[in-house]
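The working numbering puts the first residue of the sequence shown at 3, with every later residue one more than the last. Okay, so here's the structure we're looking at.
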Amino acid sequence: MAYDIVVKGGLIVDGTRRKSYAGDVAVQDGRIVAVGKVSGGSRHTIDAGGQVVAPGFIDAHTHYDAQLLWDPSANPSSVHGVTTVLMGNCGYTLAPVKLQDQNYLMGLFSAAEEVPKAALLTHAPFQWETFPEYLAWLERSALGVNVIIQVGHSAIRRYVMGESALERAATDEEIAAMVRVVEEAMEAGAAGVSTSQAPHQVGEFGEHIPSYFAADAETEALAAAVRRRGKRLMSINPRGKREGLSAQDRALLVKLAQISGALVSWNDFGRGTPGWESALTYMEGELQRGHQVYAVARCQPTETRFTLKKLSPLFAASAPWLEYARLDDAGKMAALGNPAWRTRLAEFWVSARFMALASVEKAATAATQPLQGRLLTDIARQRGTSPAEVMFDVALEDKLETFFLLSGPPSAEDSAVERILKSPATLVGISDGGAHLQTFAGADYTSYFLKRWVREKGSFTLEEGVAALSSRVAAFLGLNDRGTVEAGKAADIVIFDPDNVEPLSLQTLDDIPGGGTRLTKGARAISWVIVNGVPIVENGKPTGAVAGRLLRA
């Protein structure tokens, strides 16, 4: 028998946590058909000598909803070994949508997830109104990776309530209408519902997002719909995500788990989360009590960029900064030169603990060039002023073109991060792939995890590390036919050199259609990525193949 592909002589780390072993993998018609010693010919033989053969990695928190419109490969996630992505997070989806709300929905996604609106205006075809119509369109589209998707609360709320979604609580009739829309979406294949109460997530004009205005009764009604339709996911950004989970947040997470019968999760949990130890103990305790409350945890150091030219999620919950963001560039320059404005804007930074990590990453003029790479606190100490005043002065000198960086050292509190990553209440992350394109590049988390936490620190064995990136997430999402290298499973495979795998240096690319830059990182020593039996990365280079599928739940 001639197989489509035979991967020869690799170290098979099959995702089950079983001890790795030398062997071959045969692929036929998009499925793994044999594992171990494979005999017989093949149309394509891959020599995996000296490399690991593992199940494709699965990312449980992305925002590729927009990027897939112009880049089916989901770059850079795919070059880091990711073969399946979960979209529709944080309450943002491109459906359902009425004709008159298309511009609003694009503006919302653009602002909240930092994706240039021009690209959406150019590439969002909106050949749909309802969520089932959107899924049908997505299924017909070219996909480089597999996609599983939730339906977003903010899109639903706008669809049912129109502009009132940004003003008030819903009536009983409106909640009932939202429930009908959600059930229709889940019947068509949505994996669950996502929502956000976070005040720092704002729309195109600095306004709160629709789901922010939802009363708990509304969110609970959507959770009840998840149970009725037997779906698996209910994700949420709690109101106190930035400040630390409040008692009200914790009670709501448990109640949503009880009502939905689903896995309730929130994103970007880590050592920098206020009260992280208490939150982790809380989630682990709830798991023991049968309430499935989880968080997607950050395995990489903090790395966030911002300018004073546009609103950043960092300070989007601050009223003075929201007011500042509505000014044009000339108005922003005038505000930064005004003592009263500076006092108001500085108030946020006085209490921002992360200000100690802020530096000048990219200066825009000769006058500020010597400051590049220096911490704002060091410059402030030298000048006898505050870090916020330094930031305002530098931004003024550079006419708002300065890029500032928040970056934590990789060695900071390793034991705490290890405790978080090894908890049964967390999934390894985070990427936010497809979002925050000018702010950070987190889609490298899989190769970073293998480098830092498997190879360098030894916090996870190779078998444990691969499972954390594959079968653990597959089980979480309910993907029974993916996540392990076993006969009968979908042929989603990644081949990498465990001694050298790591992210490459940060790059800035000007490749967003319609204009716009994005930050990205490539991968070293990930040689092959196979999706449904088709190589999408070959010898480290993307092939352009579009073998991904919509995975209806």
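Here a beta-carbon is modelled for each residue, glycine too, at the ideal position from N, C-alpha and C.
Pick out whichever of the options has its Cα sitting closest to the Cα of residue i.
i              : options                           : result
glycine 164    : Val184, Leu101 and Ala225         : Leu101
valine 149     : Asp61, Pro240 and Leu235          : Asp61
isoleucine 261 : Trp268, Ala223, Thr283 and Gly460 : Ala223
alanine 397    : Ala527, Tyr66, Lys312 and Ser461  : Lys312
tryptophan 530 : Ala547, Val183, Pro515 and Thr124 : Ala547
tyrosine 296   : Val228, Ala167, Leu429 and Leu329 : Leu429
leucine 122    : Ile538, Phe350 and Gly518         : Gly518
leucine 289    : Ala259, Gly242 and Ile497         : Ala259
arginine 19    : Ala332, Ser280, Ala469 and Ala549 : Ala469
serine 198     : Ser41, His125, Ser80 and Trp268   : Trp268
asparagine 239 : Ala354, Ser213 and Pro276         : Ser213
valine 2       : Ala190, Gly191, Glu131 and Ala144 : Here the chain covers residues 3 to 555 and nothing more, so residue 2 does not appear.
isoleucine 177 : Val204, Asp218 and Leu137         : Asp218
glycine 194    : Glu220, Leu235 and Ala216         : Leu235
alanine 299    : His293, Leu508 and Leu423         : Leu423
valine 266     : Arg273, Lys257, Gly272 and Gly274 : Lys257
Does DSSP put residue i in a helix, a strand or coil?
i                 : result
leucine 313       : coil
glutamate 488     : coil
serine 472        : coil
aspartate 494     : coil
lysine 39         : coil
asparagine 148    : strand
phenylalanine 356 : helix
proline 426       : coil
arginine 1        : Outside the shown range of the chain (3 to 555) lies residue 1, about which nothing can therefore be said.
phenylalanine 133 : helix
leucine 481       : coil
alanine 297       : strand
phenylalanine 96  : Going by the sequence as given, residue 96 is leucine instead of phenylalanine. Looking at leucine 96 - three-state DSSP - the assignment turns out to be coil, as it is neither helix nor strand.
arginine 457      : helix
serine 248        : coil
histidine 210     : strand
glutamine 203     : coil
alanine 525       : strand
proline 544       : strand
valine 162        : helix
serine 388        : coil
Roughly how many angstroms separate the alpha carbons of residue i and residue j, rounded to a whole number?
i              : j             : result
leucine 521    : glutamine 440 : 6 Å
methionine 188 : aspartate 49  : 42 Å
glutamate 186  : proline 134   : 7 Å
lysine 39      : lysine 10     : 9 Å
tyrosine 106   : alanine 76    : 24 Å
serine 433     : lysine 459    : 21 Å
serine 425     : glutamate 286 : 8 Å
glycine 435    : valine 184    : 25 Å
threonine 387  : glycine 375   : 19 Å
glycine 467    : threonine 47  : 27 Å
serine 41      : glutamine 53  : 20 Å
glutamate 169  : glycine 93    : 17 Å
aspartate 330  : alanine 318   : 17 Å
Within this structure, are the beta carbons of residue i and residue j separated by less than 8 Å?
i                 : j                 : result
alanine 437       : glutamate 115     : yes
leucine 479       : glutamate 141     : no
aspartate 400     : alanine 365       : yes
proline 98        : alanine 157       : yes
proline 78        : aspartate 512     : no
alanine 493       : valine 29         : yes
methionine 357    : leucine 378       : yes
valine 464        : proline 505       : Reading off the sequence shown, one finds leucine at residue 464, where the question assumed valine. No, they are not a contact pair.
serine 44         : aspartate 6       : yes
proline 201       : arginine 159      : no
glycine 542       : leucine 145       : no
aspartate 67      : leucine 96        : yes
phenylalanine 406 : phenylalanine 308 : yes
glycine 246       : valine 419        : no
Residue range of the alpha helix (DSSP H) that residue i falls in?
i                 : result
proline 341       : 341-352
threonine 221     : 218-230
valine 419        : 416-423
alanine 382       : 378-385
phenylalanine 111 : 104-115
phenylalanine 462 : Careful: phenylalanine 462 lies outside any alpha helix (DSSP H) and carries neither H nor E.
State the start and end residues of the unbroken beta strand (DSSP E) segment that holds residue i.
i              : result
threonine 510  : 504-511
alanine 68     : Per DSSP, alanine 68 belongs to no beta strand (DSSP E); it is in the alpha helix (DSSP H), 66-69.
arginine 45    : 44-49
aspartate 270  : 265-271
tryptophan 530 : 528-533
valine 87      : 84-89
serine 79      : Run containing serine 79: none; DSSP gives neither H nor E here.
alanine 56     : 54-57
So, is the C-beta of residue i closer than 8 Å to a C-beta in chain C?
i            : result
arginine 241 : Absent here is chain C; the protein component of the structure consists of one chain.
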